[in-house]
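First up is the structure itself, then whatever we jot down about it.
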Amino acid sequence: MNIFIFDERKRALALWANMLVSLEKGDDYNVTPLRKGMVL
Numbered sequence: 665m666n667i668f669i670f671d672e673r674k675r676a677l678a679l680w681a682n683m684l685v686s687l688e689k690g691d692d693y694n695v696t697p698l699r700k701g702m703v704l
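Residues in the sequence shown are numbered from 665 upward in steps of one, following this note's numbering.
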């Protein structure tokens, strides 16, 4: 596997983990819905 692909996946996983930690702590997290109909 190309090292650049590994680093990209590693960064994506770190972002995902940070989002989950923030949501579990109850912090606000800037989330943009993929479809306009999904706005809560």
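We put the beta carbon where it would ideally sit given N, CA and C, even for glycine.
{"query": "Alpha-carbon to alpha-carbon, Ser-686 and Asn-666", "result": "31 Å"}
{"query": "Cut-off 7 Å between Cβ atoms - residues of its own chain near Met-683, not counting five sequence neighbours on either side", "result": "Tyr-693"}
{"query": "Alpha carbon of Gly-690 to alpha carbon of Ala-681, nearest angstrom", "result": "14 Å"}
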